[in-house]
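Asks: In our numbering, the protein residues as written are 31 to 598.
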RNA sequence: CGGGGCGUGGCUCAGCCUGGUAGAGCACCUGGUUCGGGACCAGGGGGUCGGAGGUUCGAAUCCUCUCGCCCCGACCA
């Protein structure tokens, strides 16, 4: 491809609306343009990257015998009503009506469509296992699109689904995906971590997310050098147990005027936060509940919800007043009997603790769990960085991270609700056991930029760069030079190298700036001066290292360097 | 949906507070000089100031409504 003919609208300045590096660079380097909030057009450079990513994905999935489909993006409502998700997806689903006033929607994901094919075509366990996938546009009416391609309303997803007769089969299909995902991300040149994920309201047995550590990420992951890694929503740590001194036989009421927070009580009564009970009021399905934690701990709402099995939200101040009869600074579990009390397990076995007295300006000292109140114990707390790893005891790290893939043991949720069954070896009807596995293509692209950029622009991994190599002709008036560059360009093309020829009549400075911006891994500079000595420059984008190469040896050298870098 | 910010030429922004008939830099076109890290000189084209309504002799500027975009939060199979 010749730069002079290619559409690469680079910008000298960063557009005002962009904030994260990938967004700024994708815009500046002429990869994408926004059409509406969370909806982007991919210009030729971005499309080339997307194609490279999908090629890697196809290549790897085909190795495990997965079969590519292409399913509709436009679905009839009935399908989603069957699985129950027409309701549960709520506002996140784009909905429309056809001319006959039939309800339709744009697919957010394709469990329903694949399951409907499976149920009507697969009769026997002998036809299993199957792994089906597609690379398709997905639509989600995000409440808040943000960060360029990281959170959008229309995006490209590779989604695969496995169908097995039983759980053992699912385990095998899941394991295959785990391995294939590692290969895919390795080939895409991403540094990622696999974390245990919260399966959330979705149910299911097991799920893991593939994460790239990045400040632009919206998730937080917790990990240890020993290999333990989990989404913060799911993470656990090993805390040192606290041994309490004995206190009074019965809780004692103390006057604590205007002392509301854990810290204020800590100062006022000289009681460490770790010796207090933090009491939170939550509302789930209109009914209230108490969540208890050690004073110095924080609630993990995801854990609370999975303990409850349904969603819950913090109560509003007036609700707390109505339910307990006291305000948020003076709450405690003692004397509460009508509403469920869920306690973090770190309060188990403790004694002589301090908590609110459910009366404004009063607290209770000497409270002992299981004696002064009764609670149901769960893991409810949010892990903090530096805490001992649950497996090895070394300090845990917490980082922001970007989810680039998710593998999930679905089980029979869809096959049961949609009636997708097969006959097993014993001749019995049994629901298909399913897994689903997703990769967000744009996120792979954006994550590569988030982790691969410098002041001058993008630094692509070789495997997914729009071109492998850029030939820059620094003086287009020098006919010999132009001819030599042209020959090299054609020779490299003949050797199937993705090469871009910067043949524009621009000053060298402009070419260098643009080259660094768009981030092609290697650049060959054809400059008049050095070429007179029979030399050209080989520049590595990532390190900016320059090496003079003899023009006569250029093509073989180029091929061998590119091969070494993993580019065919 | 709550909070904040911003909409002025293709891009970045000034002008708005204190109304008086729209500006800079970059980009673009023409000519010339340049040519190894976003050149310079000269000339030129391009803007219903997001939209609607109102106040006023007069509105980019003040008021009301509305649309769009960004950020924080809520939300996120």
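Here a beta-carbon is modelled for each residue, glycine too, at the ideal position from N, C-alpha and C.
Note that the coordinates shown come from a computational prediction; the quantities given were computed from them, not determined experimentally.
Per DSSP, which one or two residues make a beta bridge with residue 451?
Replies: For the purposes of this step, residue 451 is taken as residue 421 along the first chain, with counting starting at 1. Residue 451 is bridged to 461.
Asks: Let me confirm a value: residue 306 is counted as buried when at least 16 other C-beta atoms fall within 10 Å, else exposed. Which label applies?
Replies: Taking the first chain and counting its residues from 1, the one referred to as residue 306 is at position 276. With 16 or more Cβ atoms within 10 Å of its Cβ, residue 306 is classed as buried.
Asks: Judging by CA-CA distance, which residue of 528, 177, 132 is the nearest neighbour of residue 67?
Replies: In the first chain, residue 67 corresponds to position 37, counting from 1. It is 177 whose Cα lies nearest to the Cα of residue 67.
Asks: DSSP state of residue 142, grouped into three classes?
Replies: The sequence position of residue 142 within the first chain is 112, counting from 1. Correct three-state label for residue 142: helix.
Asks: What distance in whole Å lies between the Cβ atoms of residue 475 and residue 79, which are believed to be in contact at a cut-off of 8 angstroms?
Replies: Here residue 79 refers to the residue found at position 49 when the first chain is read from its first residue. Here residue 475 refers to the residue found at position 445 when the first chain is read from its first residue. Confirmed, Cβ separation roughly 5 angstroms.
Asks: How long is the line joining the alpha carbons of residue 405 and residue 373, rounded to whole angstroms?
Replies: For this step, residue 405 is matched to residue 375 along the first chain. For this step, residue 373 is matched to residue 343 along the first chain. Taking the straight line from one Cα to the other gives about 6 angstroms.
Asks: Between which two residues does the beta strand (DSSP E) containing residue 239 stretch?
Replies: Residue 239 sits at position 209 when you count from the first residue of the first chain. Taken as a continuous stretch (DSSP letters only), the beta strand (DSSP E) holding residue 239 covers 237-243.
Asks: May I have the straight-line CA-CA distance separating residue 182 from residue 491, to the nearest angstrom?
Replies: Sequence index remark: in the first chain, residue 182 carries index 152 (1-based). Sequence index remark: in the first chain, residue 491 carries index 461 (1-based). Using only the alpha carbons, I get a separation of about 24 angstroms.
Asks: What do you get for residue 275, buried or exposed, if any count of 16 or more other CB atoms within 10 angstroms of its CB means buried?
Replies: Position 245 of the first chain, counted from the first residue, corresponds to residue 275. With fewer than 16 Cβ atoms within 10 Å of its Cβ, residue 275 is classed as exposed.
Asks: In three-state DSSP terms, what is residue 485?
Replies: Taking the first residue of the first chain as position 1, residue 485 is located at position 455. Coil, per DSSP.
Asks: Helix, strand or coil, according to DSSP, for residue 492 in the structure here?
Replies: Along the first chain, one-based indexing puts residue 492 at 462. It is helical.
Asks: What is the residue span of the beta strand (DSSP E) that residue 321 lies within?
Replies: For the purposes of this step, residue 321 is identified with residue 291 of the first chain, where counting begins at 1. From DSSP, the beta strand (DSSP E) with residue 321 extends over 317-324.
Asks: If you count every other CB in all the chains shown that lies within 10 Å of the CB of residue 562, and 16 or more means buried, which is it?
Replies: Residue 562 sits at position 532 when you count from the first residue of the first chain. By the neighbour-count rule (16 or more Cβ atoms within 10 Å), residue 562 is not buried but exposed.
Asks: Would you give the residue range spanned by the beta strand (DSSP E) that residue 135 belongs to?
Replies: The residue you call residue 135 lines up with position 105 of the first chain. From DSSP, the beta strand (DSSP E) with residue 135 extends over 133-136.
Asks: Does the distance from the C-beta atom of residue 541 to that of residue 504 stay below 8 angstroms?
Replies: For this step, residue 541 is matched to residue 511 along the first chain. For this step, residue 504 is matched to residue 474 along the first chain. It is a contact, given that the beta carbons lie within the stated cut-off.
Asks: Please classify residue 395: is it buried, with 16 or more other beta-carbons within 10 angstroms of its beta-carbon, or exposed?
Replies: As a first step, residue 395 is located in the first chain; it is residue number 365 there, counting from the start. Counting Cβ neighbours within 10 Å, residue 395 comes out buried, since at least 16 surround it.
Asks: Express the C-alpha separation of residue 388 and residue 357 in angstroms, rounding to a whole number.
Replies: Within the first chain, residue 357 is the residue found at index 327, counting from 1. Within the first chain, residue 388 is the residue found at index 358, counting from 1. Cα to Cα, residue 357 sits roughly 8 angstroms from residue 388.
Asks: Starting from residue 538 and walking both ways along the alpha helix (DSSP H), at which residues does that stretch end?
Replies: Looking up residue 538 in the first chain gives position 508. Where residue 538 is concerned, the enclosing alpha helix (DSSP H) stretches over 538-548.
Asks: Quick one: Cα of residue 131 to Cα of residue 446, how far?
Replies: By 1-based counting over the first chain, the position of residue 131 is 101. By 1-based counting over the first chain, the position of residue 446 is 416. Spanning the two alpha carbons is a distance of roughly 29 angstroms.
Asks: Per DSSP, what kind of secondary structure is residue 187 in: helix, strand or coil?
Replies: For the purposes of this step, residue 187 is identified with residue 157 of the first chain, where counting begins at 1. Strand at residue 187.
Asks: Taking the alpha-carbon positions, what's the residue 570 to residue 158 distance?
Replies: The residue you call residue 570 lines up with position 540 of the first chain. The residue you call residue 158 lines up with position 128 of the first chain. Approximately 48 angstroms, taken between the alpha carbons.
Asks: Could you give the first and the last residue of the continuous beta strand (DSSP E) run that contains residue 384?
Replies: Within the first chain, the letter at position 354 stands for residue 384. First-last of the beta strand (DSSP E) with residue 384: 383-386.
Asks: Given this structure, state the Cα-to-Cα distance separating residue 407 from residue 353, to the nearest angstrom.
Replies: By one-based count along the first chain, residue 407 stands at place 377. By one-based count along the first chain, residue 353 stands at place 323. The straight-line gap from Cα to Cα measures roughly 22 angstroms.
Asks: Could you check whether the region 495-503 touches the region 262-274, counting it as contact only if at least three pairs of C-beta atoms, one from each stretch, sit closer than 8 angstroms?
Replies: The region 495-503, when compared against the region 262-274, does not touch it at the 8 angstroms Cβ threshold.
Asks: Let's test the definition: count the other Cβ atoms within 10 Å of the Cβ of residue 148 and tell me whether it reaches 16, buried, or not, exposed.
Replies: Here the question's residue 148 lines up with position 118 in the first chain. The residue in question, residue 148, is buried, as its Cβ has 16 or more Cβ neighbours within 10 Å.
Asks: In angstroms with no decimal places, state the Cα-to-Cα distance between residue 280 and residue 333.
Replies: Working through the first chain from its first residue, we reach residue 280 at position 250. Working through the first chain from its first residue, we reach residue 333 at position 303. Approximately 32 angstroms, taken between the alpha carbons.
Asks: Using a Cβ-Cβ cutoff of less than 7 angstroms, which residues in the same chain neighbour residue 410 once the five nearest sequence positions on both sides are dropped?
Replies: To locate residue 410, count along the first chain from 1; it is residue 380. Cβ within range, chain order: 321, 323, 329, 330, 333, 334, 337, 372, 374.
Asks: Can you name the start and end residues of the alpha helix (DSSP H) that residue 83 belongs to?
Replies: Translated into positions along the first chain, residue 83 becomes position 53. That run of the alpha helix (DSSP H) goes 74-93.
Asks: From the DSSP secondary-structure annotation, give me the bridge partner or partners of residue 285.
Replies: As a first step, residue 285 is located in the first chain; it is residue number 255 there, counting from the start. Paired residues: 392.
Asks: Taking residue 85 as the reference, which of 508, 200, 327, 215 has the closest Cα?
Replies: Position 55 of the first chain holds residue 85. Looking at the Cα atoms, 215 is the closest of the given residues.
Asks: Exposed or buried, what is residue 316 when buried is set at 16 or more other beta-carbons lying within 10 Å of its beta-carbon?
Replies: For this step, residue 316 is matched to residue 286 along the first chain. Its Cβ having fewer than 16 others within 10 Å, residue 316 is exposed.
Asks: Could you tell me the distance, in whole angstroms, from the CA atom of residue 452 to the CA atom of residue 193?
Replies: Along the first chain, one-based indexing puts residue 452 at 422. Along the first chain, one-based indexing puts residue 193 at 163. Going by the C-alpha atoms only, they are around 10 angstroms apart.
Asks: Thinking just about the alpha-carbon of each residue, which of 319, 350, 326 is nearest to the one in residue 369?
Replies: As a working note, residue 369 is residue 339 in the first chain. Residue 319 is the option with its Cα nearest to residue 369.
Asks: Mapping DSSP to helix, strand and coil, what is residue 441?
Replies: Counting from one through the first chain, the residue named residue 441 turns up at place 411. Residue state, collapsed to three classes: strand.
Asks: If you run the structure through DSSP and keep just helix, strand and coil, what is residue 266?
Replies: Numbered from 1 along the first chain, position 236 holds the residue referred to as residue 266. Reduced to three states, the DSSP call for residue 266 is coil.
Asks: Since residue 427 sits in a beta bridge, which residues does DSSP pair it with?
Replies: To locate residue 427, count along the first chain from 1; it is residue 397. Partner(s): 253.
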